[in-house]
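A.B. asks:
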């Protein structure tokens with residue numbers, strides 16, 4: 001049988017047994033609608049509010065500042081639309097960055113077609129947004145800034161505290177997508193200084209189809225984007241996904257409880273992986289910041305190979321990895337994140353993302369390093385890009401009468 005190794009935890013995570021256990025009761029015995037006044041409804045309402053308290057505690061917020069949603073994409077949409085629409089008489093300028101998740105960048109671009117002005121900030125070669133660039137981009141019409149906490153494709157952690165401080169000084173609401181950072185590094189809304197923050201259940205060993213949006217008390221935000229009932233204090237209409245919310249609460253509780261230990265463990269695995277790839281495979285570039293990166297995140301660009309070919313070859317050997325965001329993995333276009341970081345188009349096509357999880361081991365890294373070098377060698381031998389590189393090197397060597405080995 002093929003050995004199976006899961007290295008795609010930025011795409012999704014398995015539900016922890018403790019999470020599944022608490023959810024099960026709300027799929028069967030405790031089935032009431034939390035808006036119902038009778039016993040069955042009251043029991044579920046109590047559990048739902050306890051879950052809200054757990055989510056709030058995990059990020060240093062108040063329970064009433066938490067709105068349950070269907071996940072990260074809805075939370076991002078709610079944050080951006082909610083602030084933009086209620087403030088459109090005050091201004092029409094929104095600022096975001098070139099490396100945002102599509103849930104943010106496409107939402108902002110859609111508002112750009114509705115009369116809003118959009119500034120997309122550039123990033124440096126590591127994917128970092130400049131605090132100075134943000135300060136210079138602000139105008140008297142700026143009504144919202146949205147910059148992610150940590151990048152899903154390259155793992156770079158943004159200087160959110162400094163960026164949010166610039167916004168706060170100008171009185172501009174600041175939203176951050178913390179879907180990738182939650183459960184991996186500390187996330188505290190007061191320390192970060194943000195007004196809105198997005199989290200998602202299935203990135204932290206919770207269920208899919210549930211997330212939350214933090215909205216700081218006093219933030220001007222339009223009420224529910226949906227027309228319907230009065231759920232979530234009129235902020236999100238529709239019957240709550242009770243089992244999912246219960247699972248999210250437990251997942252957040254466990255994430256904070258285990259954060260320090262898991263972060264240290266994953267950092268050790270990540271550093272081992274990066275070192276071995278760079279030591280044993282030539283013509284590879286690590287993408288993302290060398291130190292300001294998520295503890296479980298390693299991303300690479302391999303020269304002269306297509307990322308899709310590597311992923312398929314790895315999958316045949318039982319290793320699950322990614323070429324970037326799971327939301328765009330079916331696209332043939334190179335990552336907008338890598339292009340924004342100045343990585344050439346042809347090199348960006350050779351990207352893979354390895355994102356580790358709590359169940360991965362050093363043996364998994366060893367197995368990957370047993371499998372990966374032969375895959376790279378085989379694919380490069382077949383690649384016209386590598387053959388062109390060989391020809392170019394041979395021509396250069398012939399011209400300068402130096403051995404080809406000096407290029408390798």
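In full-length UniProt numbering, the protein residues as written are 1 to 408.
Glycine residues also receive a C-beta, built at the ideal position from the N, C-alpha and C atoms.
Determine the closest residue to residue 64 out of 215, 382, 266, 352, with distance taken between C-alpha atoms.
C.D. replies: Among 215, 382, 266, 352, the Cα nearest to that of residue 64 is on 215.
A.B. asks: Have a look at residue 379 and residue 280 and give me their C-alpha separation to the nearest angstrom.
C.D. replies: Distance between the alpha carbons of residue 379 and residue 280 is about 16 Å.
A.B. asks: In the DSSP assignment, find the alpha helix (DSSP H) that holds residue 277 and state where it starts and stops.
C.D. replies: Taken as a continuous stretch (DSSP letters only), the alpha helix (DSSP H) holding residue 277 covers 242-280.
A.B. asks: Please go through the same chain and pick out, in chain order, the residues whose beta-carbon is closer than 6 Å to the beta-carbon of residue 243, but skip the five residues on each side of it.
C.D. replies: Closer than 6 Å at Cβ, skipping near neighbours: 23, 26, 27.
A.B. asks: Do you know offhand how far residue 266's Cα is from residue 122's?
C.D. replies: Going by the C-alpha atoms only, they are around 30 Å apart.
A.B. asks: Residue 41 lies in the alpha helix (DSSP H); which residues open and close that run?
C.D. replies: Counting along the chain, the alpha helix (DSSP H) containing residue 41 begins and ends at 39-59.
A.B. asks: Among 181, 289, 317, which has the Cα closest to the Cα of residue 11?
C.D. replies: Checked all of 181, 289, 317; the closest Cα to residue 11 is 181.
A.B. asks: In the structure shown, what three-state DSSP assignment does residue 368 receive?
C.D. replies: Helix, per DSSP.
A.B. asks: Using the Cα positions of residue 260 and residue 295, report the straight-line distance between them to the nearest angstrom.
C.D. replies: Using only the alpha carbons, I get a separation of about 11 Å.
A.B. asks: Looking at the strands, I want to know which residues DSSP matches up with residue 135.
C.D. replies: Paired residues: none, contrary to the question.
A.B. asks: If contacts are defined as beta-carbon pairs under 8 Å, then residue 92 and residue 115 qualify, I think. What distance do you get, rounded to the angstrom?
C.D. replies: About 6 Å; that satisfies the 8 Å criterion.
A.B. asks: Since residue 163 contacts residue 83 with CB under 8 Å, what's their CB separation in whole angstroms?
C.D. replies: At roughly 16 Å, the Cβ-Cβ gap does not stay under 8 Å, so residue 163 and residue 83 are not in contact.
A.B. asks: Who are the near neighbours of residue 20 in its chain, counting only those whose CB is closer than 6 Å to its CB and skipping five residues on each side?
C.D. replies: There are no such residues.
A.B. asks: So residue 198 packs on residue 179, CB below 8 Å; how close in whole Å?
C.D. replies: The pair is a contact, with the Cβ atoms about 6 Å apart (cut-off 8 Å).
A.B. asks: Please go through the same chain and pick out, in chain order, the residues whose beta-carbon is closer than 6 Å to the beta-carbon of residue 117, but skip the five residues on each side of it.
C.D. replies: 92, 93, listed in sequence order.
A.B. asks: Using a Cβ-Cβ distance cut-off of 9 Å, determine whether residue 322 contacts chain C.
C.D. replies: This model lacks chain C altogether, as it is built from one protein chain only.
A.B. asks: Roughly how many whole angstroms lie between the Cα atoms of residue 352 and residue 284?
C.D. replies: Their Cα atoms are separated by approximately 11 Å.
A.B. asks: CA-CA distance, residue 376 and residue 338?
C.D. replies: When rounded, the distance between both Cα atoms is 21 Å.
A.B. asks: Should residue 142 go down as buried or exposed, given a rule of 16 or more other Cβ atoms within 10 Å for buried?
C.D. replies: With 16 or more other Cβ atoms within 10 Å, it is buried.
A.B. asks: Would residue 73 pass as a contact of residue 51 if the rule is Cβ separation under 9 Å?
C.D. replies: Not a contact, by the Cβ cut-off of 9 Å.
A.B. asks: For a quick check, are the C-beta atoms of residue 239 and residue 35 less than 9 Å apart?
C.D. replies: The answer is yes: Cβ separation under 9 Å.
A.B. asks: Residue 119 bridges to which residues according to DSSP?
C.D. replies: DSSP lists 95 as partners of residue 119.
A.B. asks: Less than 9 Å separating the beta-carbons of residue 213 and residue 96?
C.D. replies: In this structure, residue 96 does not lie closer than 9 Å to residue 213 by Cβ.
A.B. asks: If residue 299 sits next to residue 108, beta carbons under 8 Å apart, how far is it from one beta carbon to the other, in whole angstroms?
C.D. replies: Wrong, their Cβ atoms sit about 24 Å apart, outside the cutoff.
A.B. asks: Can you tell which of 8, 166, 277 has its C-alpha closest to the C-alpha of residue 358?
C.D. replies: Looking at the Cα atoms, 8 is the closest of the given residues.
A.B. asks: Where does the unbroken alpha helix (DSSP H) through residue 107 begin, and where does it stop?
C.D. replies: Residue 107 -> alpha helix (DSSP H) spans 102-112.
A.B. asks: Pick from 87, 171, 258: whose alpha carbon is nearest that of residue 183?
C.D. replies: Among 87, 171, 258, the Cα nearest to that of residue 183 is on 258.
A.B. asks: Counting only runs of 3+ residues fully inside the stretch 148-218, write out the beta strand (DSSP E) ranges in chain order.
C.D. replies: Taking only runs of at least 3 residues, the beta strand (DSSP E) segments lying wholly in the stretch 148-218 are 174-177, 196-200, 211-215.
A.B. asks: Work out the CA separation of residue 150 and residue 192 for me, nearest whole Å.
C.D. replies: Computed Cα separation, rounded: 13 Å.
A.B. asks: Looking at the strands, I want to know which residues DSSP matches up with residue 381.
C.D. replies: None; residue 381 has no bridge partner.
A.B. asks: Say whether the stretch 156-172 touches the stretch 126-133, bearing in mind that this needs 3 or more beta-carbon pairs closer than 8 Å, one atom from each stretch.
C.D. replies: The stretch 156-172 is in contact with the stretch 126-133.
A.B. asks: Residue 239 lies in the beta strand (DSSP E); which residues open and close that run?
C.D. replies: From DSSP, residue 239 is part of no beta strand (DSSP E); its letter is neither H nor E.
A.B. asks: Report the option in 229, 248, 222 whose CA atom is closest to the CA atom of residue 201.
C.D. replies: The residue with the shortest Cα to Cα distance from residue 201 is 248.
A.B. asks: How close, in whole Å, do the beta carbons of residue 269 and residue 360 come, if the pair is a contact with beta carbons under 8 Å?
C.D. replies: That pair is a contact at about 6 Å.
A.B. asks: Secondary structure at residue 297, three-state DSSP: helix, strand or coil?
C.D. replies: If DSSP states are grouped into helix, strand and coil, residue 297 belongs with the strands.
A.B. asks: By the 10 Å Cβ neighbour count, where 16 or more other Cβ atoms means buried, how is residue 176 classified, buried or exposed?
C.D. replies: Buried, since its Cβ has 16 or more Cβ neighbours within 10 Å.
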